[in-house]
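One structure is given below, encoded as structure tokens.
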Amino acid sequence: SQQGEEDPQALSIQEGENATMNCSYKTSINNLQWYRQNSGRGLVHLILIRSNEREKHSGRLRVTLDTSKKSSSLLITASRAADTASYFCATDADSNYQLIWGAGTKLIIKP
Amino acid sequence: GAGVSQSPRYKVAKRGQDVALRCDPISGHVSLFWYQQALGQGPEFLTYFQNEAQLDKSGLPSDRFFAERPEGSVSTLKIQRTQQEDSAVYLCASSLGRWRGNQPQHFGDGTRLSIL
Numbered sequence: 033s034q035q036g037e038e039d040p041q042a043l044s045i046q047e048g049e050n051a052t053m054n055c056s057y058k059t060s061i062n063n064l065q066w067y068r069q070n071s072g073r074g075l076v077h078l079i080l081i082r083s084n085e086r087e088k089h090s091g092r093l094r095v096t097l098d099t100s101k102k103s104s105s106l107l108i109t110a111s112r113a114a115d116t117a118s119y120f121c122a123t124d125a126d127s128n129y130q131l132i133w134g135a136g137t138k139l140i141i142k143p
Numbered sequence: 212g213a214g215v216s217q218s219p220r221y222k223v224a225k226r227g228q229d230v231a232l233r234c235d236p237i238s239g240h241v242s243l244f245w246y247q248q249a250l251g252q253g254p255e256f257l258t259y260f261q262n263e264a265q266l267d268k269s270g271l272p273s274d275r276f277f278a279e280r281p282e283g284s285v286s287t288l289k290i291q292r293t294q295q296e297d298s299a300v301y302l303c304a305s306s307l308g309r310w311r312g313n314q315p316q317h318f319g320d321g322t323r324l325s326i327l
């Protein structure tokens, strides 16, 4: 079962614009991670944010976490064609070894 | 490079055949995960190994699915008597230490399984 829901399901923007994707989850978490997946490839880890953190940056990526709303957002600034991919959030569950994944946002950057 | 390697990349089998999918994790990684990913969906957890011990197999969909990691490195996911609903991409991931949710997972490119 999937706990996360990404929003929007698909996003198409012009190169150079900013892209924002949202993730909502259902149960309390310790950590939330964002991954990117290019078509036909495996997932690549982007950033991890802990439940006691509110914001984290890595290069052109900015992640926020609002545990009261059980939601996170991923902002990609100054998008490039190479950012075209699907983006997934994943949360850990307290009592087992699983990451719970959302269905992803498909991002298309138009040159 | 020393990433996670999965083989074969593509596998076509007839319904009822057995298949075996291989995963070579990053050397020294303690944790190994198998996921199933349907088209347009996120990964679904299948099973978790800490070294050679299978600590969580709650995601395996039926007793036709079996995974092993006998020496704590290479892992094999076996599906017996395949069904059409087994068609999916099977992803393997590894992470450095014992799983506590606060580590990145490193993924292979997956095996795309098609059951005819």
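Those protein sequences? They're chains R and E, same order as listed.
The opening position of the first sequence corresponds to residue 33 in the working numbering, with each subsequent residue numbered one higher.
The opening position of the second sequence corresponds to residue 212 in the working numbering, with each subsequent residue numbered one higher.
Where is the CB? At the ideal position from N, CA and C, for every residue including glycine.
In this text, all values refer to a predicted model and were calculated from it rather than measured experimentally.
Collapsed DSSP secondary structure at residue i in the structure displayed
i: E/GLN295; result: helix
i: R/ASP115; result: helix
i: E/TYR301; result: strand
i: E/TYR246; result: strand
i: R/ASP39; result: strand
i: E/ASP274; result: coil
i: R/TYR57; result: coil
i: R/THR123; result: strand
i: E/ALA264; result: strand
i: R/ARG68; result: strand
i: R/SER33; result: For R/SER33, the predicted structure reports a pLDDT of 48, less than 50, and the residue's modelled location is therefore unreliable. The matter cannot be settled from this model.
i: E/ASP320; result: coil
i: R/TRP133; result: strand
i: E/ARG252; result: Checking the displayed sequence, the identity of residue 252 of chain E turns out to be Gln instead of Arg. E/GLN252: coil per DSSP, three-state reduction.
i: R/ILE45; result: strand
i: E/ARG220; result: coil
i: R/ILE140; result: strand
i: R/ASN63; result: strand
i: E/ILE326; result: strand
i: E/LYS225; result: coil
i: E/THR258; result: strand
i: E/ARG311; result: coil
8 Å Cβ cut-off: residues of chain R touching residue i
i: E/PRO315; result: GLN65, HIS77 and LEU80
i: E/GLY319; result: GLY74
For residue j and residue i, the rounded distance between their alpha carbons
i: E/GLY214; j: R/LEU80; result: 20 Å
i: R/ASN54; j: R/GLU38; result: 5 Å
i: E/GLY283; j: E/TYR221; result: 25 Å
i: E/SER216; j: E/ARG311; result: 23 Å
i: E/ALA231; j: E/GLY321; result: 13 Å
i: R/LEU75; j: E/GLU296; result: 23 Å
i: R/LYS142; j: R/ALA42; result: 13 Å
i: R/HIS77; j: E/VAL241; result: 18 Å
i: E/ALA264; j: R/SER44; result: 44 Å
i: R/ALA113; j: E/GLN248; result: 25 Å
i: R/THR137; j: E/PHE260; result: 29 Å
i: R/TRP66; j: R/THR59; result: 17 Å
i: R/ILE70; j: R/ARG92; result: Per the sequence shown, the amino acid found at residue 70 of chain R is Asn instead of Ile. Answer to the nearest angstrom: the Cα atoms are 18 Å apart.
i: R/ASP124; j: E/GLN316; result: 12 Å
i: R/PRO40; j: R/GLU49; result: 16 Å
i: E/PHE277; j: E/ARG292; result: 12 Å
i: R/SER111; j: E/SER218; result: 33 Å
Check: residue i C-beta below 6 Å from any heavy atom of the ligand ZN
i: R/SER103; result: Ligands displayed in this structure: none; no statement on the ligand ZN is therefore possible.
Contact set between residue i and chain E, taken where Cβ atoms lie within less than 9 Å
i: R/TRP135; result: One point to set straight first is that residue 135 of chain R is Ala, not Trp, in the sequence displayed. The answer, in chain order, is GLY251, GLN252 and GLY253.
i: R/ASN62; result: ARG311, GLY312 and ASN313
Contacts that residue i makes with chain R (C-beta to C-beta distance below 9 Å)
i: E/TYR259; result: ASN128, TYR129 and GLN130
Contact list for residue i against chain E, beta-carbon separation under 7 Å
i: R/ASP20; result: One cannot answer for residue 20 of chain R here, as it falls past the ends of chain R, which runs 33 to 143.
Contacting positions in the stretch 297-310 of chain E - beta carbon closer than 7 Å to chain R: Sequence-ordered contacts of the stretch 297-310 of chain E with chain R read LEU302 and TRP310 [C-beta pairs closer than 7 Å].
Three CB pairs or more closer than 8 Å across the stretch 261-281 of chain E and the stretch 133-141 of chain R: The answer is no - the stretch 133-141 of chain R does not touch the stretch 261-281 of chain E, with fewer than three Cβ pairs under 8 Å.
Selection of the stretch 47-58 of chain R by Cβ proximity to chain E, strictly under 9 Å: Those would be none; no residue qualifies.
The stretch 83-99 of chain R / the stretch 230-237 of chain E touching (three or more Cβ pairs under 8 Å): no
Members of the stretch 260-290 of chain E near chain R, C-beta cut-off 9 Å: GLN261, LEU266, ASP267, SER269 and GLY270
Touch test, the stretch 244-257 of chain E against the stretch 296-310 of chain E, Cβ-Cβ under 8 Å, three pairs minimum: yes
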